[in-house]
Amino acid sequence: MFLTIASITYHTISPNCSAQQLPSSDPAMSYTEKHENISRADWMGRLDGLHIQRADMNKLIMNYLVTEGFKEAAEKFQQESGVEPSLELESLDDRIRIRDAIQSGRIQEATALVNLLHPELLDNDRYLYFHLQQLHLIELIRAGRVEEALHFAQEQLSEAGESDPTVLTELERTLALLAFDEPLKSPFGDLLHPTHRQKVASELNAAILQMEGRETTAPRLSSLLKLILWAQDELDRKKIKYPNMSNLATASIDSPK
């Protein structure tokens, strides 16, 4: 679904697409020139008309599993699909331990593992190091260890905040959690959500991949999702009415408005 939508959406805004890329009775005329308003039925019909090879889908799935470090899922998928991963799955073990530590809130353990694996990584990436330190501060606040949180912020993070406005803003948002009896329900509650741990874990995972000279980009699935969002923004900017994907998680497509 995402591959076909990305293809249709991209070629809708591209003036240079060929007849092979986008089926058309008149290749010289772009899709948007022929249709001022694109109906949902027409859009879905074109999606159904595009065929994506199962092998390409399987490679996309394997790329996501390997890049994100889901070893067990990758092993099972390899058995079921026959797709070979781009690297030895045993090499995922260190990244898996680091990811699991972060997602469990054991940030100092994760930091220590990173320093053992790649001692220079956090020294060379100050924003990544700050995000790990910030996440440790968040975990202290989550646990209600207020005095320890304030001491940690003062000793470990205040200097970074003074020298970088972006860091200062993030630090202020984090410390603002202390002002609320129920910080999870505060305007800054997103910092306490498990997705924030996942965000930092993914950032660190990408940095480790880059350090090891492996794939340094986000999983290709993420890139396809970003392509869809970018293409939809371009269509909106050009004031073209089209069926909009309103929910990436479910691939829900709404009729043009």
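Position 212, counted from 1, in the sequence shown is what the working numbering calls 225; the numbers after and before it change by one each time, with no gaps.
For glycine and all other residues, C-beta sits at the position ideal for the given N, C-alpha and C.
- Going by beta carbons, I115 and A125 fall outside the 7 Å limit.
- E93 and L102 do not touch by the CB rule: their CB atoms are close to 15 Å apart, not below 8 Å.
- Selection R158, L184, E97, A156 evaluated against F143 yields L184 as nearest (Cα-Cα).
- Of the residues P132, N260, A189, F90, the one whose Cα lies closest to the Cα of I154 is A189.
- Straight across, the Cα-Cα distance linking I221 with D113 is about 15 Å.
- Rounded to the nearest whole angstrom, the CA to CA distance from I74 to Y140 is 30 Å.
- Under the three-state reduction of DSSP, S104 is assigned to helix.
- Around the beta carbon of F193, a 10 Å sphere encloses fewer than 16 other beta carbons of the protein chains shown; the residue is thus reported as exposed.
- Counting only the Cα atoms, T179 lies some 13 Å from L170.
- Burial state of H149 is buried, judged by a 10 Å Cβ sphere holding 16 or more other Cβ atoms.
- Take Q121, set aside five residues on each side of it, and the residues of its chain with a beta-carbon closer than 8 Å to its own are H149, in chain order.
- Within the same chain, and ignoring the five residues on either side of D136 in sequence, the residues whose Cβ sits closer than 8 Å to its Cβ are Y142.
- For D203, the secondary structure class from DSSP, reduced to helix, strand or coil, is helix.
- Per DSSP, D267 is not a residue of any alpha helix (DSSP H); the beta strand (DSSP E) it occupies stretches across 265 to 267.
- Taken through DSSP and simplified to helix, strand or coil, K252 comes out as coil.
- Residue burial is scored here from C-beta neighbours: Q167 has fewer than 16 other C-beta atoms within 10 angstroms and is therefore classed as exposed.
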